[in-house]
Amino acid sequence: MRVFLTGATGYVGFAVATALRRAGHDVYGLTRAAAKVPQLARQEIRPVIGDIGDPKSYADTAEECSVLVHAAFESSASAVAKDKTAVDALIETGRRGSQPKTLIFTSGVWVHGDTGGKLVDETNPLDAIKLVAWRPAHEQLVLQAKAVRGLVIRPGCVYGGRGGMTGDWFAAAAAGKAPTVVGSSQNRWAMVHVDDLADAYVRAAESGLAGEVFDVTDRSRATVLEMATAAARAAGFQGELRPVPLGEARRTMGDFADALALDQHVDARKAVRLLGWQPRHGGFVDEADVLYASWKAWRA
Numbered sequence: 262m263r264v265f266l267t268g269a270t271g272y273v274g275f276a277v278a279t280a281l282r283r284a285g286h287d288v289y290g291l292t293r294a295a296a297k298v299p300q301l302a303r304q305e306i307r308p309v310i311g312d313i314g315d316p317k318s319y320a321d322t323a324e325e326c327s328v329l330v331h332a333a334f335e336s337s338a339s340a341v342a343k344d345k346t347a348v349d350a351l352i353e354t355g356r357r358g359s360q361p362k363t364l365i366f367t368s369g370v371w372v373h374g375d376t377g378g379k380l381v382d383e384t385n386p387l388d389a390i391k392l393v394a395w396r397p398a399h400e401q402l403v404l405q406a407k408a409v410r411g412l413v414i415r416p417g418c419v420y421g422g423r424g425g426m427t428g429d430w431f432a433a434a435a436a437g438k439a440p441t442v443v444g445s446s447q448n449r450w451a452m453v454h455v456d457d458l459a460d461a462y463v464r465a466a467e468s469g470l471a472g473e474v475f476d477v478t479d480r481s482r483a484t485v486l487e488m489a490t491a492a493a494r495a496a497g498f499q500g501e502l503r504p505v506p507l508g509e510a511r512r513t514m515g516d517f518a519d520a521l522a523l524d525q526h527v528d529a530r531k532a533v534r535l536l537g538w539q540p541r542h543g544g545f546v547d548e549a550d551v552l553y554a555s556w557k558a559w560r561a
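Residue numbering for the sequence shown follows my numbering, beginning at 262 and increasing consecutively.
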């Protein structure tokens with residue numbers, strides 16, 4: 262298949278683009294920076310220089326592809342508007358293109374909100390935290406579009422390789438500081454290794470399905486404190502980790518603090534059932550030492 266992917270040099274996007282290419286697909290990856298073209302070329306990904314907010318920079322390429330993957334993420338003030346522009350543009354290519362297209366939209370399990378001890382899946386009503394309150398509407402744009410076969414993937418907290426929120430723990434510990442833990446510290450995040458996540462995208466792209474949402478998480482259930490402690494020890498930090506009260510964290514982090522304090526239990530059995538997907542990694546705590554070594558090597 263010929264695949265067009267936004268966010269191709271981002272943390273998730275690069276892993277997905279690489280996995281798609283390893284599966285034998287012809288992958289076109291959007292990047293804003295010409296300096297990152299070699300990074301894509303090394304992985305046999307065809308670079309497309311452009312910006313998600315400027316559809317003219319990528320529409321012609323997208324029209325010639327049978328699968329479109331929107332994996333770009335921005336944290337700018339205009340991020341939500343640019344995401345909407347990209348979604349609309351990718352749907353429009355389905356109307357103008359010469360072949361039926363699958364469009365995969367990247368959302369996230371934060372749209373479930375705090376689930377506490379309750380196990381939730383794709384059938385539960387959403388309760389998105391403020392930081393991602395816009396995402397459910399964009400999910401629906403993709404799922405309801407008639408011009409494409411719309412799919413939504415909701416990754417858990419992604420770890421492994423070069424980045425992710427767990428990378429922030431490694432960075433702090435490597436600098437001799439305690440990793441930041443917000444709230445009770447006994448909360449649990451829904452996690453997924455970046456390579457397992459990329460495999461889910463490949464399977465979704467090849468599935469021919471339409472109108473489906475997939476929560477993609479592993480089965481690990483370590484507390485945030487257990488994971489942060491494992492990260493700290495792997496990076497050589499032996500000090501005490503003291504959780505930051507949520508109210509205090511909100512004053513310095515804003516809405517992101519609520520994401521760090523989430524307690525979630527998310528079921529990925531739909532992806533197992535319909536895509537044949539299985540998480541191969543056992544969890545962050547058990548692999549913290551090798552994950553730290555990988556994170557460090559990416560920065561060498």
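All C-beta atoms, glycine included, are put in the ideal place defined by N, C-alpha and C.
By the Cβ criterion, the segment 395 to 413 is in contact with the segment 342 to 357, since at least three pairs of Cβ atoms, one from each stretch, lie closer than 8 Å. A residue is called buried when at least 16 other Cβ atoms come within 10 angstroms of its Cβ; Pro416 meets this threshold and is buried.
With respect to the 7 Å criterion, Ser468 and Val413 are not classified as neighbours on the basis of their beta carbons. Taking C-beta atoms as the reference points, Gly358 and Glu324 count as a pair closer than 7 Å. Contact check for Val309 against Thr322 passes: the beta carbons are separated by less than 7 Å.
Only residues of its own chain outside the window of five on either side were considered, and among them Ala276 and Gly421 have a CB closer than 7 Å to the CB of Asp456, listed in chain order. Taken in chain order, the unbroken stretches of beta strand (DSSP E) that lie wholly in the segment 281 to 354 and span 3 residues or more are 287 to 292, 307 to 310 and 328 to 331.
Taking C-beta atoms under 8 Å as the contact rule, Gly290 and Ile306 qualify, at a distance of about 4 Å. In the three-state reduction of the DSSP assignment, His526 falls in the coil class. Around the C-beta of Val288, 16 or more other C-beta atoms lie within 10 Å, and the residue is accordingly described as buried.
DSSP places Arg410 inside the beta strand (DSSP E), whose first and last residues are Arg410 to Pro416. Taking a cut-off of 8 Å for Cβ pairs, the segment 459 to 473 and the segment 506 to 516 do not touch, as fewer than three such pairs fall below it.
Here the alpha carbons of Ser555 and Pro361 stand approximately 39 Å from one another. In the displayed model, Met262 falls within coil according to three-state DSSP, outside both helix and strand.
One alpha carbon belongs to Pro540, the other to Leu552, and they sit about 16 Å apart. Straight across, the Cα-Cα distance linking Leu502 with Gly374 is about 25 Å. Rounded to whole angstroms, the gap between the alpha carbons of Val393 and Thr441 is 21 Å.
In this structure, the CA atom of Val264 is about 13 Å from the CA atom of Arg464.
Among the bridge pairs identified by DSSP, Glu473 is matched with Leu412. With a threshold of 16 other beta carbon atoms within 10 Å, Asp476 meets it and is buried. Residue pairing by DSSP puts Val419 in a beta bridge opposite Val453. Within the same chain, Cβ atoms closer than 8 Å to the Cβ of Arg449 are found at Arg482, Ala483, Thr484, Val485, Asp524, Gln525 and His526, the five residues on either side in sequence being excluded. Of the residues assessed, Gly377 falls on the exposed side of the cut-off, its CB having fewer than 16 other CB atoms within 10 angstroms. Using a Cβ distance threshold of 7 Å, Val328 and Ala436 do not count as a contacting pair. In terms of Cα proximity to Lys391, the closest of Phe498, Gly515, Ala549 and Glu335 is Gly515. Straight across, the Cα-Cα distance linking Ala459 with Ser446 is about 29 Å. Per the DSSP secondary-structure output, Ile390 pairs with nothing in a beta bridge.
Judged by their CB atoms, Ala340 and Val273 are not nearer to each other than the 7 Å cut-off. The alpha-carbon of Val546 is positioned some 42 Å away from that of Gly355. Annotation for Thr513: no beta strand (DSSP E) segment contains it, though the alpha helix (DSSP H) segment containing it runs Leu507 to Met514.
Counting other Cβ atoms within 10 Å of its Cβ, Asp550 stays below 16 and is therefore classed as exposed.
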